[in-house]
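Everything on this sheet refers to the single structure shown next.
Structure below.
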């Protein structure tokens, strides 16, 4: 039901401006009527996923910036307002693991703090068009996946968040050296609005591919989708 | 009447040109309409485009339209460039105008004295068409720089980075929109040019 409503939303009044006449046969007035344009756009979006995967070069690094370029104050963004942020208890928080992983024991914050850390000053580009520069530090996801014995030939790495958000990325991007499980932001532990205690930081993808307050990580060959992808955003969304 | 053999009457606009013209018109409408909706999500200036004239009810739909329309725009555009070169269309009809003939034709056009001959582009037309082709190349290149600032970092650098690429992309759109305004105004002034772009028309004499 909600999926259908979402699909309605993808098109809605999409055909302003005379474009409707270009797509005969579309019936935008009946919820249960399958849309020609809707299907076409979804198919092309899947094709664009493949094109972007082919264009992705694992050796190409996202640009790095000097500390002076960091955006201050940092910009909050989520599918809710900042005062509605779910605060996670770091003492009881665990990162649950599932799927094609040899060692599925959950990780606590202290375990992740003891792992090798990487810091980066990179740019986060939002699908809306704005961008901010920030400093994130944490555990390289590639190191983590190897450490837990993940099947690196699997296609997807998925993330579920404390606030119900979910996302997934392709394995090649997951193994990119700049993809990290971030614990720190601007030199301090992440704060709740910015994803405490752990968020994905992946500067080779758009901002909404950087889920915050992650509570579960999975490795799978079954397409996990994402919160925004289910509503029509392109899944790969690489930069 | 001369007694030389009457040459086969060629169409004013051959069918590949007509097909590509209307495919391009479709692509331009999709790209500008969805582009305005994307612009509205993070405006560069102190205005937004009214939702009634944008394509895609929200950002996700607009991005889907935009990244689908780009294929039509680019593939059709590449076909046009290849055809224009290969068929001699560019050589015959789109010779870059010199400054003097351009100035002369601009004055004639502004005083409504510029003649239209089917199959011959005057200096103003040639300048406009060559200009909009250049803008087409610019808008695709800057669009790729906005879409892939990491993988196509060299293209992004060429435009001065991600933020500047957005401005270049916007102004290229504005240039194309200005072209469209002039283009449609000229069609309105000389409506007889519209029919041959659909039917092909026939040249009344062998215009090279």
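Protein chains in written order, with my numbering: chain U, 6 to 244; chain X, 969 to 1176.
Note that the Cβ used here is the ideal one computed from N, Cα and C, for glycine as well.
Quick caveat, the model's predicted, so the values are computed rather than measured.
Sort out for me which residues DSSP pairs residue i with in a bridge.
{"i": "residue 166 of chain U", "result": "U:219"}
{"i": "residue 102 of chain U", "result": "U:222"}
{"i": "residue 109 of chain U", "result": "In the DSSP output, where bridge partners are listed per residue, residue 109 of chain U has none listed."}
{"i": "residue 185 of chain U", "result": "U:145 and U:206"}
{"i": "residue 40 of chain U", "result": "In the DSSP output, where bridge partners are listed per residue, residue 40 of chain U has none listed."}
{"i": "residue 243 of chain U", "result": "U:210"}
{"i": "residue 124 of chain U", "result": "U:142"}
{"i": "residue 173 of chain U", "result": "U:163"}
{"i": "residue 137 of chain U", "result": "U:129"}
{"i": "residue 193 of chain U", "result": "U:190"}
{"i": "residue 69 of chain U", "result": "U:127"}
{"i": "residue 155 of chain U", "result": "U:106"}
Can you name, in chain order, every residue of its own chain whose Cβ lies under 6 Å from the Cβ of residue i, other than the five neighbours on each side?
{"i": "residue 1052 of chain X", "result": "1058"}
{"i": "residue 1005 of chain X", "result": "1022, 1024 and 1030"}
{"i": "residue 984 of chain X", "result": "1051"}
{"i": "residue 7 of chain U", "result": "Here residue 7 of chain U scores only 41 on pLDDT, less than 50, and its place in the model should not be relied on; the value that follows carries that caveat. Answer for residue 7 of chain U: no residue qualifies."}
{"i": "residue 101 of chain U", "result": "111 and 221"}
What residue from the options has the CA that sits closest to residue i's CA?
{"i": "residue 982 of chain X", "options": "X:1045, X:1074, X:1106 and X:1055", "result": "X:1055"}
{"i": "residue 123 of chain U", "options": "U:106, U:114 and U:142", "result": "U:142"}
{"i": "residue 73 of chain U", "options": "U:232, U:197, U:138 and U:165", "result": "U:138"}
{"i": "residue 147 of chain U", "options": "U:179, U:240 and U:167", "result": "U:179"}
{"i": "residue 1040 of chain X", "options": "X:1063, X:1008 and X:997", "result": "X:997"}
{"i": "residue 156 of chain U", "options": "U:229, U:107, U:42 and U:102", "result": "U:107"}
{"i": "residue 1148 of chain X", "options": "X:1088, X:1100 and X:1133", "result": "X:1100"}
{"i": "residue 1130 of chain X", "options": "X:988, X:1098, X:1035 and X:1109", "result": "X:1109"}
{"i": "residue 1150 of chain X", "options": "X:1132, X:1121, X:1095 and X:1165", "result": "X:1095"}
{"i": "residue 71 of chain U", "options": "U:232, U:241, U:230 and U:191", "result": "U:191"}
{"i": "residue 163 of chain U", "options": "U:228, U:87 and U:136", "result": "U:228"}
{"i": "residue 135 of chain U", "options": "X:1106, X:1097, X:1098 and X:1114", "result": "X:1114"}
{"i": "residue 150 of chain U", "options": "U:129, U:169, U:103 and U:193", "result": "U:103"}
{"i": "residue 116 of chain U", "options": "U:197, U:169 and U:202", "result": "U:202"}
{"i": "residue 92 of chain U", "options": "U:197, U:233, U:60 and U:235", "result": "U:197"}
{"i": "residue 66 of chain U", "options": "X:1159, X:1121, X:1128 and X:1160", "result": "X:1121"}
{"i": "residue 1146 of chain X", "options": "X:1000, X:1047 and X:977", "result": "X:1000"}
{"i": "residue 1042 of chain X", "options": "X:1133, X:986 and X:992", "result": "X:992"}
{"i": "residue 1047 of chain X", "options": "X:1128, X:1160, X:988 and X:1158", "result": "X:988"}
Quick check on the burial criterion: 16 or more other C-beta atoms within 10 angstroms. Buried or exposed for residue i?
{"i": "residue 1016 of chain X", "result": "exposed"}
{"i": "residue 52 of chain U", "result": "exposed"}
{"i": "residue 1119 of chain X", "result": "buried"}
{"i": "residue 81 of chain U", "result": "exposed"}
{"i": "residue 1103 of chain X", "result": "buried"}
{"i": "residue 195 of chain U", "result": "buried"}
{"i": "residue 1177 of chain X", "result": "The structure shown does not extend to residue 1177 of chain X, since chain X is modelled only from 969 through 1176, so no value can be given for it."}
{"i": "residue 1137 of chain X", "result": "buried"}
{"i": "residue 1084 of chain X", "result": "exposed"}
{"i": "residue 85 of chain U", "result": "exposed"}
{"i": "residue 1028 of chain X", "result": "buried"}
{"i": "residue 1032 of chain X", "result": "buried"}
{"i": "residue 1176 of chain X", "result": "With a pLDDT of only 49 at residue 1176 of chain X, under the threshold of 50, the placement of this residue in the model should not be trusted; the figure read from the coordinates follows. By the 10 Å Cβ count, residue 1176 of chain X comes out exposed."}
{"i": "residue 46 of chain U", "result": "buried"}
{"i": "residue 1117 of chain X", "result": "buried"}
{"i": "residue 214 of chain U", "result": "buried"}
{"i": "residue 9 of chain U", "result": "Low local confidence applies: a pLDDT of 43 at residue 9 of chain U is under 50, so the model's placement there is unreliable, with the coordinate-based value given in what follows. Under this definition residue 9 of chain U is an exposed residue."}
{"i": "residue 62 of chain U", "result": "exposed"}
{"i": "residue 1172 of chain X", "result": "exposed"}
{"i": "residue 1166 of chain X", "result": "exposed"}
{"i": "residue 169 of chain U", "result": "exposed"}
{"i": "residue 1020 of chain X", "result": "exposed"}
{"i": "residue 223 of chain U", "result": "buried"}
{"i": "residue 995 of chain X", "result": "buried"}
{"i": "residue 237 of chain U", "result": "buried"}
Please report the Cβ distance between residue i and residue j, rounded to the nearest whole angstrom; I am assuming they are in contact, meaning their Cβ atoms lie under 8 Å.
{"i": "residue 1126 of chain X", "j": "residue 1112 of chain X", "result": "Rounded, the Cβ-Cβ distance is 10 Å, inconsistent with contact."}
{"i": "residue 132 of chain U", "j": "residue 212 of chain U", "result": "7 Å"}
{"i": "residue 181 of chain U", "j": "residue 209 of chain U", "result": "6 Å"}
{"i": "residue 1034 of chain X", "j": "residue 1169 of chain X", "result": "Rounded, the Cβ-Cβ distance is 34 Å, inconsistent with contact."}
{"i": "residue 188 of chain U", "j": "residue 205 of chain U", "result": "Between residue 205 of chain U and residue 188 of chain U the Cβ distance is about 11 Å, and since that is not below 8 Å, they are no contact."}
{"i": "residue 69 of chain U", "j": "residue 125 of chain U", "result": "6 Å"}
{"i": "residue 1070 of chain X", "j": "residue 1089 of chain X", "result": "Wrong, their Cβ atoms sit about 12 Å apart, outside the cutoff."}
{"i": "residue 171 of chain U", "j": "residue 95 of chain U", "result": "Between residue 95 of chain U and residue 171 of chain U the Cβ distance is about 21 Å, and since that is not below 8 Å, they are no contact."}
{"i": "residue 183 of chain U", "j": "residue 97 of chain U", "result": "Wrong, their Cβ atoms sit about 30 Å apart, outside the cutoff."}
{"i": "residue 1002 of chain X", "j": "residue 1037 of chain X", "result": "7 Å"}
{"i": "residue 240 of chain U", "j": "residue 54 of chain U", "result": "5 Å"}
Please determine whether the Cβ atom of residue i lies at a distance below 7 Å from any heavy atom of the ligand ADP.
{"i": "residue 180 of chain U", "result": "This structure lacks the ligand ADP; in fact it carries no ligand of any kind."}
Report all residues from its chain with a CB closer than 7 Å to the CB of residue i; omit the five preceding and five following residues, and keep chain order.
{"i": "residue 166 of chain U", "result": "216, 217, 218, 219 and 220"}
{"i": "residue 160 of chain U", "result": "175, 176 and 226"}
{"i": "residue 35 of chain U", "result": "Note that residue 35 of chain U has pLDDT 39, beneath the 50 cutoff, so the model's placement of it is unreliable and the number below is only indicative. Hits under 7 Å: none found."}
{"i": "residue 1135 of chain X", "result": "1012"}
{"i": "residue 1162 of chain X", "result": "1155"}
{"i": "residue 1107 of chain X", "result": "1137, 1140, 1141 and 1144"}
Using C-beta distances below 8 Å, list every residue in its chain close to residue i, excluding the 5 sequence neighbours before and after it, in chain order.
{"i": "residue 1082 of chain X", "result": "1073, 1076, 1090 and 1092"}
{"i": "residue 199 of chain U", "result": "79, 81, 190 and 217"}
{"i": "residue 75 of chain U", "result": "126, 138, 139, 140 and 191"}
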